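So the structure is just underneath, and the comments pick up after that.
Protein chains: 2
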Amino acid sequence: MASSTEGNTRPIRLADIAKAAGVSHGTASNVFSRPEIVREEVRERVKAAAEAMGYAGPDPKGRLLRAGKVNAIGVATTEPLSYFFDDPFARTMMAGISEACDATGAGIALVSAGNEEKLAWNIQSALVDGFILFCIEGGPRLVELTRERKLPFVALELGSEDDTVSAIGVDNVAGARLAAQHLAELGHRRFAVLALPFADDSTGLVSPEQIRTAAYTGTRDRLVGYFEALSRFGVDTAGIPVYETENDEASTRAGLEAIFAGGEPPTAILAMSDRMAMVAIEWLTARGIAVPGDVSVVGFDGVPEAALSIPALTTIAQPIAEIGRRAARMILDFDGTVRRETLGVELVVRASSGPPPKTA
Amino acid sequence: MASSTEGNTRPIRLADIAKAAGVSHGTASNVFSRPEIVREEVRERVKAAAEAMGYAGPDPKGRLLRAGKVNAIGVATTEPLSYFFDDPFARTMMAGISEACDATGAGIALVSAGNEEKLAWNIQSALVDGFILFCIEGGPRLVELTRERKLPFVALELGSEDDTVSAIGVDNVAGARLAAQHLAELGHRRFAVLALPFADDSTGLVSPEQIRTAAYTGTRDRLVGYFEALSRFGVDTAGIPVYETENDEASTRAGLEAIFAGGEPPTAILAMSDRMAMVAIEWLTARGIAVPGDVSVVGFDGVPEAALSIPALTTIAQPIAEIGRRAARMILDFDGTVRRETLGVELVVRASSGPPPKTA
DNA sequence: CACCTTTGTTGGATCGATTCAAATTTTTGC
DNA sequence: GCAAAAATTTGAATCGATCCAACAAAGGTG
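Going down the list, the protein sequences come from chains A and B.
Take the first sequence: its letters are residues 1 to 360, numbered as in UniProt numbering.
Take the second sequence: its letters are residues 1 to 360, numbered as in UniProt numbering.
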């Protein structure tokens, strides 16, 4: 069997090197991980043996098991992987996460999957020291899945009210209030809302009942903020059409159709994401409805693209990158405690909002 | 919060569960990895024990060592991590890679580092089955580092002439020819080139000597293509200023200053990246030089943003996402052979190129 | 009832390293 | 020249699982 295995390229292990160099594997290991403690002559001999046998260096797989720490954090989402590179919000957030990881030399592992079963498996088997959860949709489910792993994790967006999970997010109520107040102060009295999902797999005009039982409290909070501010200006919030979308182009357009199908169109649109707001601007403009001449639009998020749209988007800016940085640091210097941070938001007035038309 | 004296909560291992449930560790393992082969009663007993002891499920670290496969591919670059999310070219490429990974359920690990030493370490210790190398700059060095790891890898951009390494790239010569020919056909005769780096740490106007000894052959190929096409139209290529930048805003602006400082300004700029081309458009426009009225600009890459610039950028479109997809698949179904693929490029004529001004 | 399947369970071997207490060798001090 | 101190080296134990040949028990057959 000796000669027949000639071509069988079983990978070379550290132990093989040790034997070839005539030292124990303990010493061989030291040559690679703490070279300074082994005598120069021996060190050279082992290195020479490694070189001669084509050894690739200690296999991280083996090292990992012993060391325990992977030195990488996982970022998980229910969206497909390409979401991390396509979506402006995600990208900005990832840039923040990257920054924190770069600073400590940690790596980033992107975790996602086509279907839920695979996602569960991928979360179970991801080689990471902790997770950052992108809870855009399916947040509760994602948290559930991750909790099983018993690793530190932090949810982005305090979507869930469950305060046993660490989370970082913004003050949605305050932000929404700011947006609505801005429009009301400009004189608007007829509004429509483009909302993020309240629950899984539902879209369309939303009833008060659905709002009360919203699974995604982030969405609910923004609506609460809108209504709170508008009430103060004497607007009858019960009459405001709230259209739930999936935060994509198709469902946003459907929402706009529905909103403008009725008799008296709104003069201002409150969109719960910049993405929807920008689709709205495009949709309105294409129909000859002037923004902000006929209808004002205010977004939410503050993605970089919002400054570039035409007209530039008035929006509620979240400190997106900062959220990412903090989330990463929370995992990197995890101390066993649950932390929930709420960051402030800011109204950024640009060109998409103005006074309502005189005729209205 | 209760009693921290609970003890050192050593993580629970599969073996602990096995003992608690009174079965062998082999059986306990089967309960999790091949539940169908263990008798229901036993299965439930083990699961119950796991639940009771707060077992997080088989640790991937252990599994990994046995299985060998990580089921993730590493994407490495010498740029900081945030490059993956900021740069349009990188993002488009990553989207392609994501797609291929999503399809097979593989994960993506981003590998980078602040300094070269750390990069080397991170490449050594990344838990991946193979690498995709983003050889924007420092390509040869990155290849070197990765080769040591003895894992499959593929370089993006056939930057190196070393054909023992797998690579995917585009036909730079043909693409550059297309760009130059387009401008020459429009009537341009006075050109300037904004070039990508020819070698590490050099910028400024480039001498023929530097071109011949270029470390980055991709850059050289593009220049060769430009010159080849222009010669055919009787242009004296020796007189064309070639300014080497670092493909960032600052050095591109410096290049433009240098190019337009001379007596007779060019009527057309050949930029080796869309990034530079877009900076050029902005720079020219800000100076009151009309694009394409006074000066035409043609880019290279075909990033999505190019279509959105004002005026929209004429460019040589690479199948960026397709390159990513192929690279990922090459690693995912690695068969031990070296593969070098060259993909075609396409001239996309948009608004940034036109005939030269009459007066010139 | 002996014999063959089928189905389930066991425990040792293995994956590839690191660690550390103990053993060994080399230096140093006098 | 010798003991104590310092510097190296050793090898068993460990990290946490999976795999698989061997074994045991239950079911079927003539």
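Backbone N, C-alpha and C fix where the C-beta goes; we use that ideal spot for every residue, glycine too.
For clarity, every value in this text was computed on a predicted model and none was experimentally measured.
Check, Outcome
"Chain A within 8 Å of residue 281/B, Cβ atoms only", "no"
"is_contact[residue 94/B, chain A] using C-beta, thresh 8 Å", "yes"
"Beta-carbon proximity check, residue 332/A vs residue 104/A, cutoff 8 Å", "yes"
"Environment of residue 196/B [buried if 16+ CB atoms lie within 10 Å]", "buried"
"According to DSSP, residues forming a beta bridge with residue 269/B", "192/B, 297/B"
"Span of the alpha helix (DSSP H) around residue 42/B", "40 to 53"
"Cα-Cα separation between residue 113/B and residue 57/B, rounded to whole angstroms", "32 Å"
"Minimum C-alpha distance to residue 300/A - residue among 86/A, 198/A, 194/A", "194/A"
"Members of the region 76 to 109 of chain B near chain A, C-beta cut-off 9 Å", "80, 81, 82, 83, 84, 85, 86, 90, 91, 92, 93, 94, 95, 96, 97, 98, 99, 101, 102, 103, 105, 107, 108, 109"
"Collapsed DSSP secondary structure at residue 348/B in the structure displayed", "strand"
"Interface residues of the region 142 to 173 of chain A facing chain B [CB-CB below 9 Å]", "148, 149, 150, 151"
"Residues that DSSP places opposite residue 168/B in a beta bridge", "156/B, 341/B"
"Alpha-carbon spacing of residue 39/B relative to residue 19/B, whole angstroms", "17 Å"
"Best match in 11/B, 180/B, 335/B, 187/B for proximity to residue 271/B [C-alpha to C-alpha]", "180/B"
"Residue 100/B classed as buried or exposed, judged by whether at least 16 other C-beta atoms fall within 10 angstroms", "buried"
"Cβ-based contacts, 7 Å cut-off: residues of the region 120 to 136 of chain B near chain A", "122, 124, 125, 126, 127"
"Distance CB(residue 266/A)-CB(residue 354/A) smaller than 8 Å", "no"
"Min CB distance residue 322/B to chain A below 8 Å", "no"
"Sequence ranges, beta strand (DSSP E) only - wholly within the region 89 to 154 of chain A, length at least 3", "107 to 111, 131 to 134"
"Short CB-CB distance (under 8 Å) between residue 31/B and chain A", "no"
"Neighbour flag for residue 60/B against chain A, beta carbons, 8 Å", "yes"
"Interface partners of residue 14/B on chain A, CB under 9 Å", "Correct list: empty, because the minimum Cβ distance to chain A is about 13 Å."
"Cutoff 7 Å; reference residue 252/A; Cβ partners in own chain excluding five residues on either side", "194, 245, 276, 279, 280"
"Local Cβ density within 10 Å of residue 207/B, reported as buried at 16 or more and exposed below that", "exposed"
"Residues near residue 16/A by beta carbon distance below 8 Å, same chain, minus five either side", "53, 55"
"Among 25/A, 64/A, 71/A, 88/A, nearest to residue 305/A - alpha-carbon criterion", "88/A"
"With 16 other Cβ atoms within 10 Å as the buried cut-off, status of residue 310/B", "exposed"
"Among 168/A, 128/A, 110/A, 232/A, nearest to residue 338/A - alpha-carbon criterion", "168/A"
"Coil, strand or helix - residue 316/B by DSSP", "strand"
"Residue environment, residue 44/B, which counts as buried when at least 16 other CB atoms sit within 10 Å", "exposed"
"Under 7 Å by beta carbon: chain A residues contacting residue 111/B", "107"
"Beta-carbon proximity list for residue 119/B, same chain, < 6 Å, skipping 5 on both sides", "113"
"Residues bridged to residue 243/A (per DSSP)", "194/A, 205/A"
"Contact set between residue 302/B and chain A, taken where Cβ atoms lie within less than 8 Å", "Per Cβ cutoff of 8 Å: no residues; residue 302/B is ~16 Å from chain A at best."
"Straight-line gap, residue 130/B to residue 152/B (C-alpha atoms, nearest Å)", "5 Å"
"Rounded distance between the beta-carbons of residue 128/B and residue 74/B, thought under 8 Å", "4 Å"
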